[in-house]
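Residue numbers (full-length UniProt numbering): 1 to 244.
Report on one structure; see the data block that follows.
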């Protein structure tokens, strides 16, 4: 489905984020961090992969494509690019939030046990900076898929430093919780699971704290990296090869 780009929120902190890339030897991929407005081709590839992955599991509701495809709600996104130029994984971050109502987790727990606790946890952390990680996916055909999953789980932590906030919020189905825990995330154990996006899933709330070490690609590597247009070892200019 076609989507018109409208970067209405591309102001302030968003404009200060330069496109960055780092080589990940574990997954043999190059990870790129960017704003949708700065890298529209990469953003389109990321969305195409997310649509394919979420459709496979009948979970398109969680993707909320129509609400997110224009890029206006995404502060930063990450993609993994294979040696042949294919985008084979990614995730996005929205925020920093100024109110708990902006968090998608509020929607996921609406009318379910734990809704009040979800709101309280988010509100209590707002003064320190809160962003939310959404729509993570990895292509089925990725050569080093297991390694890529681990690296992708860890790379979301970089959002904290790049957006200069303390807390990262995410929601995840119970069957993938250990993957996210391995990257430094902590499950909010006192909040019960919610059936989102439907009754097949038991979704939990998770938090990352910038003051705790992560288990993934260091945020400092992105901070030290050059923009993607400058070639270094394993860091040649991106040549996309549509993989969808």
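Each residue gets a CB set at the ideal place from its N, CA and C atoms; glycine is no exception.
Here the structure is a predicted model, which means the values were calculated and not measured.
Check: Identify, in the order they occur along the chain, each residue of the same chain with its Cβ nearer than 6 Å to the Cβ of residue 53, setting aside the five sequence neighbours on each side.; Outcome: 137
Check: In three-state DSSP terms, what is residue 171?; Outcome: strand
Check: Identify whether residue 70 lies in helix, strand or coil by the three-state DSSP scheme.; Outcome: coil
Check: If you compare alpha carbons, which of 86, 93, 163 and 188 is closest to residue 174?; Outcome: 188
Check: How close, in whole Å, do the beta carbons of residue 159 and residue 76 come, if the pair is a contact with beta carbons under 8 Å?; Outcome: 6 Å
Check: Rounded to whole angstroms, what is the Cα-Cα separation between residue 210 and residue 19?; Outcome: 21 Å
Check: Within 10 Å of its beta-carbon, does residue 131 have 16 or more other beta-carbons around it, so buried, or fewer, so exposed?; Outcome: buried
Check: Considering only the beta carbon of each residue, do residue 169 and residue 207 sit closer than 8 Å?; Outcome: yes
Check: Taking 8 Å as the cut-off, decide whether the C-beta atoms of residue 139 and residue 88 are in contact.; Outcome: yes
Check: Once DSSP output is grouped into helix, strand and coil, what is the label at residue 186?; Outcome: strand
Check: Determine the extent of the alpha helix (DSSP H) in which residue 123 is found, giving its start and end residues.; Outcome: 115-125
Check: Would you call residue 241 buried or exposed, if buried means 16 or more other Cβ atoms sit within 10 Å of its Cβ?; Outcome: Confidence at residue 241 is low in this model, with a pLDDT of 42, below 50, so the placement of that residue is unreliable and no value is reported for it.
Check: Is residue 197 closer than 8 Å to residue 59 when the C-beta atoms are compared?; Outcome: yes
Check: Report the CB separation of residue 27 from residue 148 in whole angstroms; it is logged as a contact under 8 Å.; Outcome: 4 Å
Check: Where do the N-terminal and C-terminal ends of the alpha helix (DSSP H) with residue 159 fall, by residue?; Outcome: 158-162
Check: Where does residue 86 sit, in a helix, a strand or coil, going by DSSP?; Outcome: coil
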